[in-house]
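Under our numbering, the first residue of the sequence shown carries the number -19, and numbering increases by one thereafter. In this text, a Cβ means the ideal position worked out from N, Cα and C, and glycines have one as well. Quick caveat: nothing in here was measured; it's all calculated off a predicted structure.
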Amino acid sequence: MNQYIIKGGKSLAGEVTIGGAKNAALGILAGAIMTDDEVTIENLPDVSDINALLEAIKAIGAKVDRIDAHTVKISGASIHSTVVDYDYIQKIRASYYLLGALLGKYGKASVAMPGGCKIGSRPIDQHIKGFKALGAKVVTENSMINASVNNLRGSHIFLDMVSVGATINIMLAAVMAQGQTIIENVAKEPHIVDVANFLNSMGANIKGAGTDVIRIRGVERLHGSTYSCIPDQIEAGTFMCLATATKGDITLKNVIPKHLEAITAKLVEIGADIIENDDSVRVVCKDRPGSAIVKTRVYPGFPTDMQPQITVVLATADGVSTINENIWEDRFKYVAELRKMGAVITVEGSTAFVEGQPKLSPAVMEAPDLRAGAALTIAALQADGVSILTDIEYIERGYEKFDEKLRSLGAEIMKVDSEDYKAVQKFKLEIV
Ligand code: EPZ
């Protein structure tokens, strides 16, 4: 197990390049196995969630050729199994995209039932409802979801709630179904549009991605393609919060400013200066941020995946802030860790009330999940003194070379083996 040792208190400044969007890449990689031709995916983030999905794809027989850290060639021609092992679902929930992809290509798929995660119960009833509407028989047996069908038929599906995963999974299953599929009340996140664009680049006929209704005309087959993933909106937002929390000056390169609008608007509201260019954004914050009301919503609202990071910024704001979480019922676990740093936060149901403090103080903390882990790193970088953050494997699921990127901005942060006390001591001596 690794941990970060962080000496905070510095304003961070410089340039950072944002990687490809993890949550788009997960859908795209699943889609890539739906043709027997070769598919090349570029701007792939080199993070453990992506690497776990690539392993799962390899395990069912696809050829996976890693050209470099950010490029992979996939060929689905050699797939010999439509069963995705429990191990992969355990490693990464998004393995369930292989359900839609394999069902769409071969008419059958078996994937282990994804368990709950630390941010709330995560049902997949809407995915299953979509597959059934397309004519598939879906049976859950011995913790496996088994879906099968002779021929998928287009259908009219109305999702009961807006779900990123269900939208992508049903889209995957429907691209080669006979006739037209209309999916209403779909998610509109940039990664939905990216997966649709990718499938269209393979010959699919998907219209309306990015709106509330997606229309898909089934095609006979998909063909090979070379496609580059969009930049990660959440990685970008995390560095924007970092600049604001440390009163820094950070320029983010390789971003799509339009995708960041909700985050930009909130940071401007609390006092950051944000300068947008075509594919870069500069965030400058010189004064203590002001308080705010934040409500997480589906896109284009404020993303739930940015909720812990903005809460950390508001923990040192001038005034009382309210953060209302509307997507996941259990996404405030990290608040207990933040309180160790002197943050004054009370949580009532889905709302956190944050009484901003002039400064947080260093502490020893545990990362409870991916985004909360990144948020606690920001908190530690803001606090004067040495903090320790354990369980950083969560962070590595979705942030590539996070510590390296932070160091390039002037942060004093080191990744060490939790058992390696000498390294911990050495780092402390070096920085004190
Ligand atoms: C995706 O999860 C992301 N993960 C999450 O990011 C993100 O928090 C979430 O979308 C919301 O934006 C990936 O893309 C791999 P949902 P997903 O289906 O697809 C309920 C991160 O940090 N629901 O949009 O699982 C569900 O319980 C991760 O990168 C049902 O009730 O989320 C939740 O309350 C964490 N039935 C809401 O809908 C269903 O069948 C939204 O979930 C599906 C969802």
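Separation of residue j from residue i, as counted between CA atoms
{"i": "Ala176", "j": "Glu35", "result": "23 Å"}
{"i": "Asp48", "j": "Ala39", "result": "20 Å"}
{"i": "Lys187", "j": "Arg377", "result": "31 Å"}
{"i": "Gly365", "j": "Pro338", "result": "15 Å"}
{"i": "Arg195", "j": "Gly322", "result": "50 Å"}
{"i": "Asp29", "j": "Ile72", "result": "6 Å"}
{"i": "Lys88", "j": "Ala272", "result": "49 Å"}
{"i": "Ala360", "j": "Ala74", "result": "30 Å"}
{"i": "Ile(-14)", "j": "Tyr68", "result": "32 Å"}
{"i": "Ser(-9)", "j": "Ala157", "result": "54 Å"}
{"i": "Cys209", "j": "Ile99", "result": "26 Å"}
{"i": "Ala12", "j": "Glu200", "result": "16 Å"}
{"i": "Lys313", "j": "Pro348", "result": "7 Å"}
{"i": "Glu309", "j": "Ala113", "result": "28 Å"}
Any non-hydrogen atom of ligand 1 closer than 6 Å to residue i Cβ
{"i": "Gln362", "result": "no"}
{"i": "Ala154", "result": "no"}
{"i": "Pro103", "result": "yes"}
{"i": "Asp285", "result": "yes"}
{"i": "His239", "result": "no"}
{"i": "Gly353", "result": "no"}
{"i": "Ile162", "result": "no"}
{"i": "Gln106", "result": "yes"}
{"i": "Gly145", "result": "yes"}
{"i": "Met321", "result": "no"}
{"i": "Asn3", "result": "yes"}
{"i": "Ile375", "result": "no"}
{"i": "Ala116", "result": "no"}
{"i": "Ala252", "result": "no"}
{"i": "Ala74", "result": "yes"}
{"i": "Met(-19)", "result": "no"}
{"i": "Leu34", "result": "no"}
{"i": "Met141", "result": "yes"}
{"i": "Ile307", "result": "yes"}
{"i": "Leu78", "result": "no"}
Spatially closest choice to residue i from the options, by CA coordinates
{"i": "Ser90", "options": "Ala4, Lys109, Tyr66", "result": "Tyr66"}
{"i": "Ser55", "options": "Gly41, Gly115, Pro280, Gly(-12)", "result": "Gly41"}
{"i": "Ile161", "options": "Asp26, Gly110, Gly353", "result": "The sequence as given places Thr at residue 161; Ile does not occur at that position. Of the listed residues, the one whose Cα sits closest to Thr161 is Gly110."}
{"i": "Val300", "options": "Val292, Arg311, Pro288, Gly270", "result": "Gly270"}
{"i": "Gly(-6)", "options": "Lys395, Leu389, Ser367, Asp397", "result": "Leu389"}
{"i": "Thr276", "options": "Val64, Gly134, Met286", "result": "Met286"}
{"i": "Gly414", "options": "Glu200, Val292, Ala245", "result": "The displayed coordinates of the chain run from -19 to 412. Any statement about residue 414 would go beyond what the structure contains."}
{"i": "Ser58", "options": "Ser28, Asp17, Val52, Asp298", "result": "Asp17"}
{"i": "Glu164", "options": "Val27, Gln106, Asp229, Glu215", "result": "Gln106"}
{"i": "Leu222", "options": "Gly251, Val263, Gly183", "result": "Val263"}
{"i": "Leu33", "options": "Glu22, Lys53, His50, Ala10", "result": "Ala10"}
{"i": "Met93", "options": "Arg351, Tyr76, Arg319", "result": "Tyr76"}
{"i": "Ile307", "options": "Val142, Asn(-18), Val27, Val44", "result": "Val142"}
{"i": "Val278", "options": "Pro170, Thr231, Phe312", "result": "Pro170"}
{"i": "Gly198", "options": "His60, Val155, Glu256, Ile325", "result": "Val155"}
{"i": "Val144", "options": "His50, Ser181, Lys233, Ala189", "result": "Ala189"}
{"i": "Asn234", "options": "Phe219, Thr224, Val248", "result": "Phe219"}
{"i": "Ala216", "options": "Val63, Val344, Ile290, Asn122", "result": "Ile290"}
{"i": "Thr331", "options": "Glu121, Asn304, Val293", "result": "Asn304"}
{"i": "Pro329", "options": "Ala81, Lys85, Val315", "result": "Here residue 329 turns out to be Gly, not Pro, going by the sequence shown. Selected option, being the one with the closest Cα: Val315."}
{"i": "Gly84", "options": "Ala116, Ile358, His60, Thr(-3)", "result": "Ala116"}
Proximity test, Cβ basis, 7 Å: residue i and chain D
{"i": "Phe282", "result": "Given the protein chain composition of this structure (a single chain), no chain D is represented."}
Cβ-based burial, residue i [other Cβ within 10 Å; buried from 16]
{"i": "Glu380", "result": "buried"}
{"i": "Gln70", "result": "exposed"}
{"i": "Asn131", "result": "exposed"}
{"i": "Asn3", "result": "buried"}
{"i": "Pro103", "result": "exposed"}
{"i": "Val193", "result": "exposed"}
{"i": "Met14", "result": "buried"}
{"i": "Phe138", "result": "exposed"}
{"i": "Phe178", "result": "buried"}
{"i": "Asn149", "result": "buried"}
{"i": "Phe333", "result": "exposed"}
{"i": "Thr284", "result": "buried"}
{"i": "Asp174", "result": "buried"}
{"i": "Thr226", "result": "buried"}
{"i": "His458", "result": "With the chain represented from -19 up to 412, any question about residue 458 goes unanswered, as that position is not in the structure."}
{"i": "Glu346", "result": "buried"}
(request) Could I get the ranges of all uninterrupted beta strand (DSSP E) runs contained in the stretch 205 to 283, with 3 residues as the minimum, in chain order? (result) Segments of the beta strand (DSSP E) lying fully in the stretch 205 to 283: 205 to 208, 229 to 233, 253 to 256, 260 to 264, 273 to 275.
(request) Can you check the stretch 88 to 175 for any beta strand (DSSP E) of at least 3 residues that lies completely inside it and give the ranges in chain order? (result) 88 to 92, 117 to 121, 124 to 128, 136 to 138, 160 to 164
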